[in-house]
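Trainee: Once you've had a glance at the structure underneath, I'll fire off some questions.
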């Protein structure tokens with residue numbers, strides 16, 4: 065039976081229907097020696113060890129029972145519509161797709177998800193797409209993620225009344241044209257111009273040089289009808305700096321670019337290939353003066369400029385929303401990678417010479433050490449993002465009342481979390497990929513796409529190095545101020561805490577961990593400040609010279625925030641979840657403080673005693689043993705459908721090896737070769753055959 | 065002029081010829097404000113600052129003046145033949161290629177490179193391909209990289225006389241079928257069987273289960289005529305373990321798989337898509353008994369088995385060659401990524417609010433800190449690989465004389481360097497990618513392919529976690545032995561060194577660094593050994609419990625080896641290069657020891673005093689300033705042709721932004737859209753048009 069199964073003719077696996085798991089033996093993964101459990105049985109056994117109910121945790125992650133149901137329904141509907149609901153059918157994305165086909169597939173998915181939201185009145189796909197990448201991974205997604213929020217932020221009431229219904233009803237598709245070839249993070253360096261022509265009451269949008277070409281905006285290439293273009297506003301020869309303008313870029317009749325506009329795609333990227341990040345070149349394109357987005361700044365017919373004195377603060381506050389989305393989404397993308405790696409680790413067995421039966425690789429220390437500490441980081445990101453988002457909502461309310469006092473604080477938190485969370489998620493996802501060994505290198509493992517997608521978040525919407533700089537500037541400003549900001553109060557008091565008295569189990573107490581993290585942050589912030597003060601040169605030079613120390617201090621401040629947010633989330637959780645969440649909280653921070661495999665620990669080893677560090681490492685081992693049975697449940701809780709991961713390694717049933725063969729046989733290259741007697745025709749005729757022939761005669765063997 | 069340039073009609077950029085840089089303005093990258101230097105001028109200025117002659121260094125890297133000339137000639141010839149020699153023409157690999165087209169492109173390149181080697185009698189492409197990936201990145205490459213070395217290692221004289229000429233003359237194409245779906249690194253777990261049928265004097269090769277399917281071997285899918293298959297040899301019902309057999313898998317007449325063999329491709333991978341990593345299923349396939357590779361083991365007609373008592377040692381020794389190649393190549397791939405990032409950093413300018421003129425991003429501390437320390441690591445890998453390879457050659461000579469004494473040592477060094485070098489190169493290449501900001505995310509930056517390619521080396525030919533385990537076992541065995549092995553002698557003596565007396569400039573002395581690294585390794589090895597000894601359970605359990613401490617100790621031992629190899633290489637270098645190489649040597653190891661951004665430093669902060677660490681960090685700043693002018697020359701020295709990198713960011717001339725637009729306009733998706741009035745026809749007709757129409761009527765704006 066086993067033999068028949070593997071030797072099954074390919075024809076039988078050639079369609080979704082015939083690859084129904086029922087039609088093949090359930091014992092496919094049985095091994096001839098010593099291994100009696102199939103992969104699905106190993107999976108079930110690993111799942112059943114959980115000490116808690118993962119669906120309870122799902123409610124916390126997704127935001128309540130109702131949100132879970134809404135999300136499940138939406139995913140089920142769109143997966144049916146996209147034809148990705150059969151886990152034995154090769155997902156379309158692993159077909160033979162080239163650049164153009166990938167974009168068409170993105171358009172197909174975009175239309176289904178956007179329509180589902182409109183038809184069923186939900187915003188499930190406003191922030192993420194059907195595969196949990198950010199929603200701007202498909203061409204219509206940017207409208208909800210950025211275009212509409214920017215309209216709401218920057219339009220005056222008449223403009224909003226005109227544009228918002230058009231965008232929300234899908235009568236126009238929007239993009240946001242800020243980044244240029246020559247400038248990204250440094251917005252003040254943008255060079256596109258918008259020059260007022262008083263005679264015609266129009267702005268003239270123009271690209272004056274190659275570095276000024278708009279390059280990178282999502283959906284700009286071949287999908288959007290309108291864009292918000294960011295340009296230097298010039299009136300009577302005077303440069304008023306960066307402003308936002310709305311402009312139509314394509315005809316709604318035949319979709320051709322409007323006169324004077326060149327549009328195109330940027331080709332393949334590491335990920336996000338379902339959308340058309342594109343370029344635009346403007347050759348003196350005229351738009352009505354009233355297309356300057358005018359909530360906080362106006363230009364009258366005669367060219368008089370007026371701006372709200374708080375304009376920058378208000379715009380900046382509003383723009384933090386995009387960062388908030390990226391932070392939250394990075395938790396989900398890391399969790400997605402970990403769901404795949406955890407499930408695979410539960411069903412792949414591997415021996416070593418000294419062990420008679422082959423255990424699941426999950427049982428190896430370095431495997432579950434990396435998996436479980438990474439899982440704890442995914443939760444840390446999620447809870448930090450929830451906390452930061454709550455603070456952000458309060459800021460928006462306060463700003464609406466005219467109170468901008470907390471803007472610098474919220475801005476700093478969002479910058480720091482953006483850097484910390486995306487970097488942690490990107491590195492963690494890549495580590496999860498490596499934890500799947502060679503199989504993680506397969507595109508159809510789903511992991512390369514997740515890794516590449518979250519890696520993108522490290523450089524876009526503010527490159528992370530720049531983000532850290534914003535945090536360290538806040539800290540140095542705080543140090544120089546007459547009184548420390550509230551969130552930096554620990555800098556005065558850290559010498560008072562009795563750190564040296566703690567040992568052993570004391571480090572299981574979150575309050576003690578807070579003291580440890582405060583102590584470390586206070587040291588690093590103080591050291592960085594002293595280094596700055598010791599410099600004779602300009603502030604800019606001093607900051608550059610000590611950039612490493614500043615970044616490390618910024619990191620320590622943010623990691624303290626993350627610890628506090630985690631503690632708050634655990635306190636607020638139902639009591640049934642408190643034991644497992646507490647274990648995650650502790651292991652996550654013991655790892656940051658004492659793991660010899662993480663860069664952060666070097667700043668702890670300089671003040672914790674060897675005995676304290678050794679206690680922390682022993683406790684880590686204790687917590688690993690406690691958490692190991694929960695590994696599968698802790699990833700199940702994120703509630704990813706098989707189709708949304710598209711991973712041959714990570715489906716819920718654990719039937720990995722059989723699925724690899726079923727999907728592999730469905731690959732177009734193999735289907736085509738089978739139609740040709742098992743030969744890649746062009747390869748044989750054009751290259752291999754002639755090469756073999758060159759030796760003179762074919763070898764006779 | 066500038067304006068005309070950017071507004072140039074796309075037609076003009078549509079062919080290689082018309083994108084001749086002479087036909088567009090040289091001032092393309094000029095900025096309207098304050099910036100008068102073009103990108104090529106910035107590049108030239110940065111290159112001219114070098115304090116040494118980079119061509120001298122090239123000779124060390126490549127292996128002498130003659131080798132440089134041979135390499136340059138070979139690359140020039142094949143780039144001409146492949147049509148990639150014009151840096152203004154979009155490289156074929158960024159065309160609209162799907163899975164099948166990528167493989168065909170790989171076959172095309174393979175034929176050109178292999179033929180060039182045969183026609184001109186060189187082995188330039190035996191280890192790397194035309195883009196500096198390992199040569200098994202193309203389908204014929206495995207023959208030289210693995211198939212021929214394995215024949216040489218495992219064939220008896222008659223077998224060698226038969227097979228070697230066929231392989232070397234290109235009359236057969238080989239692959240090496242070891243890895244199965246269920247087992248990779250744990251070779252003893254492989255399940256394919258080779259059962260002797262005495263009646264017919266044949267072995268029957270068979271795949272007994274799904275996990276036993278051969279999966280991953282390069283060139284197995286659609287390119288090789290023969291394979292060396294690794295299988296459990298069964299004679300009279302007795303399992304003799306893993307042996308190697310040569311078998312023909314495809315007809316040389318029509319290339320069809322031979323009866324009983326199913327072959328296919330694995331679909332897209334993160335990289336190596338020019339080759340056909342494939343799968344094979346054998347259904348009782350018969351091969352002559354004489355196809356058992358029989359240098360160290362024989363089976364007679366009546367089924368009598370005989371093996372050389374040293375068989376395993378001899379085979380293992382021979383197989384270390386593949387690791388040696390991977391280690392060396394990882395230096396080149398990291399250097400390739402750094403060449404791109406360094407050149408881009410020299411020509412991208414970016415301001416900040418407080419600086420009037422925009423400086424090249426290279427001048428920012430965190431940029432050149434990361435670049436220069438990574439450059440130092442590329443050299444560290446190269447010198448370590450040279451040293452290890454010399455030791456390996458000595459082992460082979462000794463083994464030929466029957467002396468296997470140094471096998472455990474060489475095996476340990478190769479395992480540790482494989483893990484350290486591939487991980488350092490993969491992380492470093494990814495960091496280089498991030499140093500290019502958003503542009504590094506573009507496929508045509510060349511960086512995603514390099515990152516993915518070197519990342520693959522972390523999991524193949526021995527997963528790195530397994531590699532570290534081999535090092536730590538050697539160390540623990542050494543600790544338990546009556547006398548320490550020579551390379552571990554420092555473990556006894558480290559307490560005698562006057563470490564606490566060093567400060568300030570002392571750390572510029574390589575001999576002092578050796579003491580520091582010895583001290584650290586001795587501590588970590590001793591700690592790990594004590595942890596193991598303190599455990600009551602089995603050795604396997606103890607090893608698993610303390611896997612983290614063991615890995616850290618292994619790393620410290622290998623980093624000491626790397627330091628020593630670097631010192632030896634500097635001593636052997638021409639005196640003109642000694643200053644710059646010494647600076648690299650020192651900064652590389654100060655970084656390992658004291659950077660707060662690297663995980664390694666935590667094991668130093670626990671015994672170096674704050675004042676010593678602070679001295680090391682100040683010296684790092686001093687060395688950065690010394691090395692900054694040499695950054696471009698230090699990457700130029702690796703001698704990569706523009707075509708071999710295929711990077712729009714990294715061409716030698718530095719003309720980045722102009723080239724981005726020239727290549728972008730040549731992308732097939734844009735060419736096709738232009739033919740259709742600037743519209744992606746199918747996207748508009750099938751998805752966007754209907755979507756916009758759904759709102760009822762089209763918007764009238």
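Chains as they are written, first to last, in our numbering: chain A, 65 to 765; chain B, 65 to 765.
Where a beta carbon is used, it is the ideal one built from N, C-alpha and C, also for glycine.
Since this is a predicted model, take the numbers as computed values, not measurements.
1. Under a Cβ-count criterion, where at least 16 other Cβ atoms within 10 Å of its own Cβ denotes burial, should residue 248/A be classed as buried or exposed?
2. Drop a sphere of 10 angstroms on the beta-carbon of residue 520/A, count the other beta-carbons inside from all chains shown, and report buried for 16 or more, exposed for fewer.
3. Would you grab the beta carbon distance between residue 350/B and residue 220/B for me? Rounded to a whole angstrom, and I think it's under 8 Å.
4. Inspect the beta-carbon positions of residue 680/A and residue 658/A and report whether they are closer than 8 Å.
5. In chain A, which residues lie with their C-beta within 7 Å of the C-beta of residue 343/B?
6. Once you ignore the five residues that flank residue 629/B on each side, which residues in its own chain have a CB closer than 7 Å to its CB?
7. Would you identify the three-state DSSP class for residue 761/A, choosing helix, strand or coil?
8. Please report the residue range of the alpha helix (DSSP H) in which residue 112/B lies.
9. Tell me whether the beta-carbon of residue 387/A lies closer than 8 Å to the beta-carbon of residue 482/A.
10. Helix, strand or coil for residue 594/B per DSSP?
11. Just to confirm before moving on: does the CB-CB distance between residue 271/A and residue 296/A stay below 8 Å?
12. Which ranges does the alpha helix (DSSP H) cover as unbroken runs of at least 4 residues, wholly within the stretch 288-352 of chain B, from first to last along the chain?
13. So, do the stretch 521-538 of chain A and the stretch 630-647 of chain A have three or more beta carbon pairs nearer to each other than 8 Å?
14. According to DSSP, is residue 694/B helix, strand or coil?
15. Could you check whether the Cβ of residue 220/B sits closer than 8 Å to any Cβ belonging to chain A?
16. Within 8 Å of any Cβ in chain A, is that where the Cβ of residue 422/B sits?
17. How many Å lie between residue 495/A and residue 497/B at the Cα?
18. With DSSP collapsed to three states, give me the class of residue 715/A.
19. With three or more beta-carbon pairs closer than 8 Å as the criterion, would you say the stretch 469-485 of chain A touches the stretch 676-692 of chain A?
20. Consider the Cβ of residue 393/B: report whether some Cβ of chain A lies at a distance smaller than 8 Å.
21. Expressed to the nearest angstrom, what Euclidean distance is found between the alpha-carbon atoms of residue 266/B and residue 199/B?
22. Under 8 Å between C-beta atoms, does residue 82/A make it to chain B?
23. Between residue 298/B and residue 259/B, which are expected to be in contact by the criterion C-beta below 8 Å, what is the C-beta distance as a whole number of angstroms?
24. Show which residues of chain A have a CB atom less than 8 Å away from the CB atom of residue 385/B.
25. Would you please state the rounded distance, in angstroms, between the beta carbons of residue 173/B and residue 338/B? I believe it to be under 8 Å.
26. Would you kindly work out how many angstroms separate the C-alpha atoms of residue 683/A and residue 611/B, rounded to a whole number?
27. Touch check for the stretch 528-546 of chain B and the stretch 649-657 of chain B: three-plus C-beta pairs under 8 Å?
28. Could you list which residues in chain A have their beta carbon closer than 8 Å to that of residue 319/B, in chain order?
29. Can you list, in chain order, the residues of the stretch 260-282 of chain A whose Cβ is nearer than 8 Å to any Cβ on chain B?
30. Starting from the C-beta of residue 372/A, find all residues in its chain whose C-beta is less than 6 Å away, skip the five residues before and the five after it, and write them out in chain order.
31. Does the Cβ of residue 528/A have 16 or more other Cβ atoms within 10 Å, making it buried, or fewer, making it exposed?
32. Let me check understanding here. Comparing Cα to Cα, which of 357/B, 668/B, 486/B lies closest to residue 563/B?
33. Check whether the Cβ of residue 473/A sits closer than 7 Å to any heavy atom of the ligand GDP, and report yes or no.
34. Below 6 Å CB to CB, which residues in the same chain sit around residue 606/A once its five sequence neighbours on both sides are set aside?
35. Which ranges would you report for the alpha helix (DSSP H) in the stretch 348-417 of chain A if only whole runs of at least 4 residues count?
36. Residues in its own chain within less than 7 Å of residue 433/A by CB, not counting five upstream and five downstream?
Mentor: So, to answer that:
1. One-based indexing of the first chain puts residue 248/A at position 184. Residue 248/A is buried by the Cβ-count criterion.
2. Translated into positions along the first chain, residue 520/A becomes position 456. Classification for residue 520/A: buried.
3. Here residue 350/B refers to the residue found at position 286 when the second chain is read from its first residue. Here residue 220/B refers to the residue found at position 156 when the second chain is read from its first residue. Their Cβ separation, rounded to whole angstroms, is 21 Å, which puts residue 350/B and residue 220/B out of contact at 8 Å.
4. For this step, residue 680/A is matched to residue 616 along the first chain. For this step, residue 658/A is matched to residue 594 along the first chain. The Cβ atoms of residue 680/A and residue 658/A lie closer than 8 Å to each other.
5. As a position in the second chain, residue 343/B is number 279, starting the count at 1. 728, listed in chain order.
6. If you number the second chain from 1, residue 629/B lands on position 565. Excluding positions up to five away in sequence, the list reads 447, 448, 451.
7. Here residue 761/A refers to the residue found at position 697 of the first chain. Summary for residue 761/A: the model assigns pLDDT 45, below 50, so the residue's position carries little reliability; its value from the coordinates is reported in the next sentence. In this structure, residue 761/A counts as coil in the three-state DSSP scheme.
8. Along the second chain, one-based indexing puts residue 112/B at 48. Counting along the chain, residue 112/B sits inside the alpha helix (DSSP H) bounded by residues 103-112.
9. Indexing the first chain from 1 puts residue 387/A at position 323. Indexing the first chain from 1 puts residue 482/A at position 418. Contact flag set, yes.
10. As a working note, residue 594/B is residue 530 in the second chain. When secondary structure is reduced to three states using DSSP, residue 594/B falls in the helix class.
11. Start at 1 with the first residue of the first chain, and residue 271/A comes out as number 207. Start at 1 with the first residue of the first chain, and residue 296/A comes out as number 232. No, they are not a contact pair.
12. Complete alpha helix (DSSP H) runs here, min 4: none at all.
13. Too few Cβ pairs lie closer than 8 Å, so no.
14. Taking the second chain and counting its residues from 1, one reaches residue 694/B at position 630. Here residue 694/B sits in helix by DSSP.
15. Translated into positions along the second chain, residue 220/B becomes position 156. Closer than 8 Å: no.
16. To locate residue 422/B, count along the second chain from 1; it is residue 358. For residue 422/B, the answer is yes, since a Cβ of chain A falls inside 8 Å of its Cβ.
17. Here the question's residue 495/A lines up with position 431 in the first chain. Here the question's residue 497/B lines up with position 433 in the second chain. Cα to Cα, the separation comes out at about 17 Å.
18. Position 651 of the first chain holds residue 715/A. Three-state DSSP puts residue 715/A in coil, outside helix and strand.
19. The answer is no - the stretch 676-692 of chain A does not touch the stretch 469-485 of chain A, with fewer than three Cβ pairs under 8 Å.
20. Taking the second chain and counting its residues from 1, one reaches residue 393/B at position 329. Under the Cβ criterion of 8 Å, residue 393/B is not counted among the residues facing chain A.
21. Position 202 of the second chain, counted from the first residue, corresponds to residue 266/B. Position 135 of the second chain, counted from the first residue, corresponds to residue 199/B. When rounded, the distance between both Cα atoms is 34 Å.
22. Here residue 82/A refers to the residue found at position 18 when the first chain is read from its first residue. In this prediction, residue 82/A has a pLDDT of 34, which is less than 50 and means its spatial position is unreliable; nothing more can be read from the coordinates.
23. Indexing the second chain from 1 puts residue 298/B at position 234. Indexing the second chain from 1 puts residue 259/B at position 195. Rounded to whole angstroms, the Cβ separation of residue 298/B and residue 259/B is 4 Å, and the two are in contact under 8 Å.
24. Here residue 385/B corresponds to residue number 321 of the second chain, with the count starting at 1. Taking the beta carbon of residue 385/B as reference, no residue of chain A falls within 8 Å; the closest one sits roughly 20 Å away.
25. Indexing the second chain from 1 puts residue 173/B at position 109. Indexing the second chain from 1 puts residue 338/B at position 274. The pair is a contact, with the Cβ atoms about 6 Å apart (cut-off 8 Å).
26. Mapped onto the first chain, residue 683/A falls at position 619. Mapped onto the second chain, residue 611/B falls at position 547. Here the C-alpha atom of residue 683/A lies approximately 15 Å from the C-alpha atom of residue 611/B.
27. Because the criterion of three Cβ pairs below 8 Å is not met, the stretch 528-546 of chain B and the stretch 649-657 of chain B do not touch.
28. Looking up residue 319/B in the second chain gives position 255. Ordered by position in chain A, the residues that pass the 8 Å Cβ test against residue 319/B are 743, 748, 752, 753.
29. Under the 8 Å Cβ criterion, the stretch 260-282 of chain A contributes 271, 272, 273, 274, 275, 276, 277, 279, 280.
30. For the purposes of this step, residue 372/A is taken as residue 308 along the first chain, with counting starting at 1. Excluding sequence neighbours, residue 372/A sits near 360.
31. Against the first chain, residue 528/A aligns to sequence position 464. Buried: at least 16 other Cβ atoms inside 10 Å.
32. Taking the first residue of the second chain as 1, we reach residue 563/B at position 499. For residue 563/B, the closest of 357/B, 668/B, 486/B by C-alpha to C-alpha distance is 668/B.
33. Among the ligands in the structure shown, none appear at all, so the ligand GDP cannot be discussed.
34. Mapped onto the first chain, residue 606/A falls at position 542. 596, 599.
35. Correct list: 375-411.
36. Residue mapping note: residue 433/A aligns to position 369 of the first chain, counting from 1. Within the same chain, residue 433/A has close Cβ partners 688.
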